[in-house]
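Protein chains in written order, with my numbering: chain X, 1 to 456; chain L, 457 to 912. A short worksheet on the structure shown next.
2 protein chains.
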Amino acid sequence: MKKQHVILVGAGLAGSLLAIYLAKRGFQVDIYERRPDMRQASISAGRSINLALSVRGIHALSRVNLDQRVLADALPMTGRMMHAVDGQLTYQPYGKNENEVINSISRRGLNCLLMDTAESENNVRIFFNQRCLGGDLEAGQLIFRDEARGETRTVSGDTIIATDGATSAVRMEMQKIGRFNLSQMYLEHGYKELTIPPGAGGSFQIDKNMLHIWPRGDYMLIALPNPDGSFTCTLFLGYASTPGFDGLKTPADVLQFFQEIFPDTIPLIPELSEDFFSNPTGNLITIKCLPWHIDGKVLLLGDAAHAIVPFYGQGMNCAFEDCAILDDCISEYGTDWARVYQAYQEKRKADADAIADLALENFIEMRDSVANPTFLLKRKAELLLEEKYPGKFLSKYSMVSFHRTAYAAAMKKGRIQDSVLMEMCEGLTDIDQLDLDLAFNNIQQRLSAEAESNDS
Amino acid sequence: MKKQHVILVGAGLAGSLLAIYLAKRGFQVDIYERRPDMRQASISAGRSINLALSVRGIHALSRVNLDQRVLADALPMTGRMMHAVDGQLTYQPYGKNENEVINSISRRGLNCLLMDTAESENNVRIFFNQRCLGGDLEAGQLIFRDEARGETRTVSGDTIIATDGATSAVRMEMQKIGRFNLSQMYLEHGYKELTIPPGAGGSFQIDKNMLHIWPRGDYMLIALPNPDGSFTCTLFLGYASTPGFDGLKTPADVLQFFQEIFPDTIPLIPELSEDFFSNPTGNLITIKCLPWHIDGKVLLLGDAAHAIVPFYGQGMNCAFEDCAILDDCISEYGTDWARVYQAYQEKRKADADAIADLALENFIEMRDSVANPTFLLKRKAELLLEEKYPGKFLSKYSMVSFHRTAYAAAMKKGRIQDSVLMEMCEGLTDIDQLDLDLAFNNIQQRLSAEAESNDS
Numbered sequence: 001m002k003k004q005h006v007i008l009v010g011a012g013l014a015g016s017l018l019a020i021y022l023a024k025r026g027f028q029v030d031i032y033e034r035r036p037d038m039r040q041a042s043i044s045a046g047r048s049i050n051l052a053l054s055v056r057g058i059h060a061l062s063r064v065n066l067d068q069r070v071l072a073d074a075l076p077m078t079g080r081m082m083h084a085v086d087g088q089l090t091y092q093p094y095g096k097n098e099n100e101v102i103n104s105i106s107r108r109g110l111n112c113l114l115m116d117t118a119e120s121e122n123n124v125r126i127f128f129n130q131r132c133l134g135g136d137l138e139a140g141q142l143i144f145r146d147e148a149r150g151e152t153r154t155v156s157g158d159t160i161i162a163t164d165g166a167t168s169a170v171r172m173e174m175q176k177i178g179r180f181n182l183s184q185m186y187l188e189h190g191y192k193e194l195t196i197p198p199g200a201g202g203s204f205q206i207d208k209n210m211l212h213i214w215p216r217g218d219y220m221l222i223a224l225p226n227p228d229g230s231f232t233c234t235l236f237l238g239y240a241s242t243p244g245f246d247g248l249k250t251p252a253d254v255l256q257f258f259q260e261i262f263p264d265t266i267p268l269i270p271e272l273s274e275d276f277f278s279n280p281t282g283n284l285i286t287i288k289c290l291p292w293h294i295d296g297k298v299l300l301l302g303d304a305a306h307a308i309v310p311f312y313g314q315g316m317n318c319a320f321e322d323c324a325i326l327d328d329c330i331s332e333y334g335t336d337w338a339r340v341y342q343a344y345q346e347k348r349k350a351d352a353d354a355i356a357d358l359a360l361e362n363f364i365e366m367r368d369s370v371a372n373p374t375f376l377l378k379r380k381a382e383l384l385l386e387e388k389y390p391g392k393f394l395s396k397y398s399m400v401s402f403h404r405t406a407y408a409a410a411m412k413k414g415r416i417q418d419s420v421l422m423e424m425c426e427g428l429t430d431i432d433q434l435d436l437d438l439a440f441n442n443i444q445q446r447l448s449a450e451a452e453s454n455d456s
Numbered sequence: 457m458k459k460q461h462v463i464l465v466g467a468g469l470a471g472s473l474l475a476i477y478l479a480k481r482g483f484q485v486d487i488y489e490r491r492p493d494m495r496q497a498s499i500s501a502g503r504s505i506n507l508a509l510s511v512r513g514i515h516a517l518s519r520v521n522l523d524q525r526v527l528a529d530a531l532p533m534t535g536r537m538m539h540a541v542d543g544q545l546t547y548q549p550y551g552k553n554e555n556e557v558i559n560s561i562s563r564r565g566l567n568c569l570l571m572d573t574a575e576s577e578n579n580v581r582i583f584f585n586q587r588c589l590g591g592d593l594e595a596g597q598l599i600f601r602d603e604a605r606g607e608t609r610t611v612s613g614d615t616i617i618a619t620d621g622a623t624s625a626v627r628m629e630m631q632k633i634g635r636f637n638l639s640q641m642y643l644e645h646g647y648k649e650l651t652i653p654p655g656a657g658g659s660f661q662i663d664k665n666m667l668h669i670w671p672r673g674d675y676m677l678i679a680l681p682n683p684d685g686s687f688t689c690t691l692f693l694g695y696a697s698t699p700g701f702d703g704l705k706t707p708a709d710v711l712q713f714f715q716e717i718f719p720d721t722i723p724l725i726p727e728l729s730e731d732f733f734s735n736p737t738g739n740l741i742t743i744k745c746l747p748w749h750i751d752g753k754v755l756l757l758g759d760a761a762h763a764i765v766p767f768y769g770q771g772m773n774c775a776f777e778d779c780a781i782l783d784d785c786i787s788e789y790g791t792d793w794a795r796v797y798q799a800y801q802e803k804r805k806a807d808a809d810a811i812a813d814l815a816l817e818n819f820i821e822m823r824d825s826v827a828n829p830t831f832l833l834k835r836k837a838e839l840l841l842e843e844k845y846p847g848k849f850l851s852k853y854s855m856v857s858f859h860r861t862a863y864a865a866a867m868k869k870g871r872i873q874d875s876v877l878m879e880m881c882e883g884l885t886d887i888d889q890l891d892l893d894l895a896f897n898n899i900q901q902r903l904s905a906e907a908e909s910n911d912s
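Given below as structure tokens:
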């Protein structure tokens with residue numbers, strides 16, 4: 001069999017990991033990346049929401065023996081620490097035990113490791129500064145301009161996989177071909193990166209094993225730890241709302257806003273207004289599209305196919321799981337790319353839609369519901385149910401973050417569970433007042449009823 | 457005041473009419489049209505669903521004194537004639553009297569008249585063969601390639617209005633700018649144009665004052681009359697369904713399909729398989745996007761902003777109404793284009809969304825519900841209510857087609873009326889069994905209840 005030649009567009013997290021998977025199958029892999037090599041150039045800073053690596057990402061990394069190396073550079077976060085305006089702290093664990101954590105990790109370090117690993121395979125090449133200008137997708141051809149040299153070339157291989165992210169140039173080409181369904185929806189909110197630097201001697205100024213949230217209803221600030229003692233903070237705020245990015249025009253505006261709303265962060269973020277005005281304001285987009293492929297010629301994977309907002313910490317995990325599932329489809333159908341891509345799309349589309357919706361919902365949970373007493377009781381009930389009914393009850397968060405339940409199934413089951421538990425927790429003042437067995441039985445009944453109504 | 461220079465992209469129906477509006481205000485208008493001049497070249501045939509001109513379009517034409525000239529070439533259609541498989545005919549009037557008709561008109565003739573009228577103004581120029589390659593929208597610049605001469609030029613004016621249709625090149629440029637929300641959704645159905653030629657001596661082979669429908673559940677055939685005695689037929693059919701376009705591969709397949717499903721059309725469409733295989737299969741798309749403008753620099757109008765499926769006969773009518781409403785906004789805000797466009801968008805967005813949804817729903821009504829006895833009774837009830845309660849009751853169809861009720865209001869009110877009447881008609885065998893006064897009162901009650909729940 002002729003050695004297959006696969007063109008990848010984009011050497012981000014998904015593209016770099018996928019290259020490793022494909023290289024291990026013996027394919028020749030060429031990656032065309034728009035940006036310079038981040039291992040040499042100074043990376044554009046100020047737009048890197050920290051990543052929370054969890055079970056799906058870890059599993060996908062483990063299949064190419066990278067999980068332990070990656071986790072070595074990560075900081076486990078055991079739960080959420082909520083900071084009220086008056087400084088009061090409320091802690092909410094993510095899991096029922098210390099193994100159920102999510103892992104704070106820097107995008108840059110992980111991406112560099114994945115590129116290094118990919119290039120250490122003999123059959124992977126990465127070309128940088130290659131801007132995709134479009135192409136003839138039905139012919140399997142793409143045109144790239146070398147932004148450093150100004151040259152343009154046409155590239156083709158046995159197949160093309162676009163891992164070029166939310167603003168995918170390849171997806172924009174697919175849009176020009178008939179019957180490509182697409183929805184791209186921006187939040188009314190933008191985000192701004194800020195930094196809590198390390199304390200004396202590289203110490204952490206706030207608890208390093210938690211994801212910190214300052215929930216404020218319509219908006220919020222979060223902070224994730226880095227190994228050097230710093231925290232990467234992200235302010236999620238509406239543009240046109242009050243307060244909003246549009247109204248924060250001067251250092252005095254920003255300082256006053258933080259003093260009023262996030263007073264405990266004032267001593268933690270010394271470069272507040274410098275960060276605020278030098279870092280760009282990022283946008284938050286949800287993309288759904290179909291088809292993801294054109295026969296066997298081109299496939300969209302990761303954010304290029306299904307960009308999601310970051311509030312479930314699943315963007316990278318989902319993209320990594322994409323790689324593993326595509327790899328499974330190659331196991332099944334070989335290099336019959338049309339069949340591989342169709343099987344992958346059929347397997348994956350509903351799950352990608354589901355995590356997109358879950359991520360949007362989780363924004364409300366993070367910025368608002370975490371300050372709702374009924375919601376806090378519900379989260380406690382979930383952990384108690386997981387302990388009391390091991391293997392029989394899993395919360396939605398747990399199915400998504402600590403198990404590899406298909407996203408669509410997790411969403412459907414999770415919503416039913418949430419609805420029963422929120423109803424039962426309403427009005428309670430302490431979790432001891434909840435009859436766990438009754439809650440479990442109510443949930444089972446609702447799940448059975450739902451399953452029956454689906455069958456009939 | 458300096459004479460304003462407006463660039464229009466696209467000399468289709470919306471662009472040509474808008475040019476006339478703008479010319480009458482004294483602006484210099486340059487239209488850049490991708491195709492050759494259809495008044496000279498042979499137009500690409502076989503993809504022109506006939507148009508049904510109704511009140512919104514007539515009103516917009518009347519404001520530039522074109523309504524009577526256009527209606528002179530139109531054929532009024534008083535209602536739908538449904539053709540069952542066994543040849544049985546069922547007639548359903550559109551309106552309560554002979555003035556409530558929709559008007560069958562050819563796209564080509566109307567477009568030519570509008571271009572002629574635009575060019576007869578001293579301050580309008582149309583450039584043909586101009587393909588928009590993109591541009592710098594924030595700078596108000598567009599790049600066009602002259603497809604006949606191979607030259608490229610950059611164009612700018614005081615403002616740009618994109619009337620370049622469902623596949624708008626300008627909209628694709630807006631997509632590259634941050635926070636542009638877009639949804640483009642194709643139906644699973646395509647369409648194919650067929651022709652019923654004139655009978656002996658230019659006679660009409662079927663009734664010329666009706667819109668003919670062969671409703672078949674998931675798909676349908678329709679026919680609209682032309683002044684020369686012919687009918688333009690359109691088959692709306694799924695691609696992958698059974699039956700479906702994908703399965704109709706040979707003349708024998710097509711003939712058998714029509715013999716079984718549309719037997720009464722066999723003698724009417726002599727060139728059936730020639731038409732079928734030489735005409736392209738068209739796609740049906742719904743587009744929603746926001747924002748429609750970038751400050752005062754660029755505006756999307758007509759299909760470019762809100763392409764809809766053709767089943768309510770409102771695509772052109774809506775685009776023409778767009779022109780009239782934009783003209784109202786110019787009356788109010790002059791050439792402060794940013795304010796004009798923002799006011800226009802705020803006035804029009806909800807209505808464009810509503811007619812998009814109504815058009816999708818009407819596909820089901822045309823292909824399926826028109827064969828449902830309860831639905832037929834409901835339509836009768838509507839006309840009786842309009843007669844009995846003049847000025848107090850208007851059906852949804854009437855609000856959309858014979859009145860200029862805002863689309864969003866028509867949709868909301870119409871849905872409530874439909875739900876009350878469908879419920880009351882369920883199980884009846886004759887319209888005499890319906891208590892019209894009770895129906896009217898029930899509707900009023902539901903409308904009041906709805907209005908109250910919105911207020912509170």
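No residue lacks a Cβ here, since even glycine has one placed at the ideal position from N, Cα and C. Predicted model only: the values in this text are computed from it and were never measured.
L:K632: which of X:S168, X:R179, X:M174 sits nearest, CA to CA? Nearest to L:K632 by alpha-carbon distance, out of X:S168, X:R179, X:M174, is X:S168.
Taking the alpha carbon of X:A451 as the point to measure from, which residue in X:A324, X:K412, X:L428, X:A166 has its own alpha carbon closest? Among X:A324, X:K412, X:L428, X:A166, the Cα nearest to that of X:A451 is on X:K412.
From L:S904, L:M571, L:G738, L:N559, pick the residue whose C-alpha is nearest to that of L:Q496; which is it? With respect to the C-alpha of L:Q496, the residue from L:S904, L:M571, L:G738, L:N559 having the closest C-alpha is L:M571.
Please go through the same chain and pick out, in chain order, the residues whose beta-carbon is closer than 6 Å to the beta-carbon of L:D493, but skip the five residues on each side of it. Correct list, in chain order: F584.
Would you report the Cα separation of X:M210 and X:R348, rounded to the nearest angstrom? Computed Cα separation, rounded: 31 Å.
Grouping DSSP H, G and I as helix and E and B as strand, with all else coil, what is L:S854? Three-state result, L:S854: helix.
For L:A837, collect the residues of the same chain with a Cβ closer than 8 Å to its Cβ; drop the 5 residues on either side in sequence, then sort them by chain order. Excluding residues within five positions, the ones whose Cβ falls inside 8 Å are L877, M880, C881, I887, L890, L892, A895.
Round the Cβ separation of X:V340 and X:I160 to the nearest angstrom and send it over; I've been treating them as touching at under 8 Å. Cβ-Cβ separation between X:V340 and X:I160: approximately 13 Å, too far for a contact (criterion under 8 Å).
Closer than 7 Å by beta-carbon distance: list the chain L residues that pair up with X:N279, in chain order. Result: empty, since nearest Cβ-Cβ is about 16 Å, beyond 7 Å.
Report yes or no: is there a C-beta of chain L within less than 8 Å of the C-beta of X:G178? Yes, because at least one Cβ of chain L sits closer than 8 Å to the Cβ of X:G178.
Would you mind telling me which residues of chain L sit closer than 7 Å to X:M210, beta carbon to beta carbon, in chain order? Neighbours of X:M210 in chain L, taken as residues at a C-beta separation under 7 Å, are lacking, since the least C-beta distance is about 32 Å.
For X:L243, I'd like the list of residues in its chain whose CB is within less than 8 Å of its CB, leaving aside the five on either flank, ordered along the chain. Strictly speaking, residue 243 of chain X in this sequence is Pro, with Leu absent from that position. Excluding the 5 residues flanking it on each side, X:P243 has same chain C-beta neighbours closer than 8 Å at Y219, L237, F257, I261, in chain order.
Whole angstroms is fine: what's the gap from L:R627's alpha carbon to L:I514's? Between L:R627 and L:I514, the C-alpha separation is close to 28 Å.
Just the Cα atoms here: how many angstroms apart are L:V526 and L:L566? Cα to Cα, L:V526 sits roughly 7 Å from L:L566.
Does the Cβ of L:D684 have 16 or more other Cβ atoms within 10 Å, making it buried, or fewer, making it exposed? When all chains shown are included, L:D684 counts as exposed.
Under 8 Å by Cβ, that's how I've got L:V422 and L:S825 pegged, so tell me the actual separation to the nearest angstrom. The question about residue 422 of chain L has no answer here: the residues shown for chain L are numbered 457 through 912.
According to DSSP, simplified to helix, strand and coil, what is X:A45? The predicted model places X:A45 with a pLDDT of 48, which falls under 50 and marks its position as unreliable; any figure quoted below should be read in that light. Annotated three-state conformation of X:A45 is coil, per DSSP.
If we ignore side chains and look at the alpha-carbon of each, how far apart do L:N555 and L:L522 end up? Between the alpha carbons of L:N555 and L:L522 lies a distance of about 19 Å.
Would X:N103 be called buried (16 or more neighbouring beta carbons within 10 Å of its own) or exposed? X:N103 is buried by the Cβ-count criterion.
Chain-ordered chain L contacts of X:Y219 [CB-CB under 7 Å]: What X:Y219 touches in chain L: nothing, since even the nearest Cβ is about 17 Å away.
Thinking C-alpha only, which one of X:L182, X:L17, X:E151, X:L13 is nearest X:I287? Per the Cα distances, X:L182.
Anyone know if the C-beta pair for L:G591 and L:V462 falls short of 8 Å? The answer is no: Cβ separation not under 8 Å.
Would you tell me roughly how many angstroms separate the C-alpha atoms of L:E649 and L:S686, rounded to the nearest one? Rounded to the nearest angstrom, the two C-alpha atoms are 13 Å apart.
Counting C-beta neighbours from all protein chains within 10 Å, is the total for X:R149 16 or more, i.e. buried, or is it exposed? That one is exposed.
Between which residues of its own chain and L:G758 is the CB-CB distance below 6 Å, once the five residues before and five after are set aside? So the qualifying residues of the chain are A470, T619, A775, D778.
What residues from chain X crowd round L:L638, counting only those whose CB sits closer than 9 Å? What L:L638 touches in chain X: L182, S183, Q184, M185.
Run through chain B and tell me which residues come within less than 9 Å of X:N99, C-beta to C-beta. No chain B is part of this structure, whose protein chains are labelled X and L.
Anyone know if the C-beta pair for X:R367 and X:P215 falls short of 8 Å? Yes, the pair counts as a contact, with Cβ atoms nearer than the cut-off.
Checking the sheet assignment: what are the DSSP bridge partners for L:D592? Bridge pairing for L:D592: L:Q597 [DSSP].
Which partner residues does L:H645 have in the DSSP bridge list? Bridge partners of L:H645: L:G694.
L:L840 - containing alpha helix (DSSP H), residue span: For L:L840, the enclosing alpha helix (DSSP H) begins and ends at 829-844.
How many Å lie between X:V155 and X:C132 at the Cα? Each residue's alpha carbon lies about 10 Å from the other.
Minimum Cβ-Cβ distance from X:D283 to chain L less than 8 Å: Looking at the sequence itself, residue 283 of chain X is Asn, so the reference to Asp does not match. Interface criterion met: the Cβ of X:N283 is under 8 Å from a Cβ in chain L.
Where X:M38 sits in the DSSP three-state scheme: Coil, per DSSP.
Under 8 Å by Cβ, that's how I've got L:N739 and L:Y853 pegged, so tell me the actual separation to the nearest angstrom. Contact between L:N739 and L:Y853 does not hold, since the beta-carbon distance rounds to 26 Å and is not under 8 Å.
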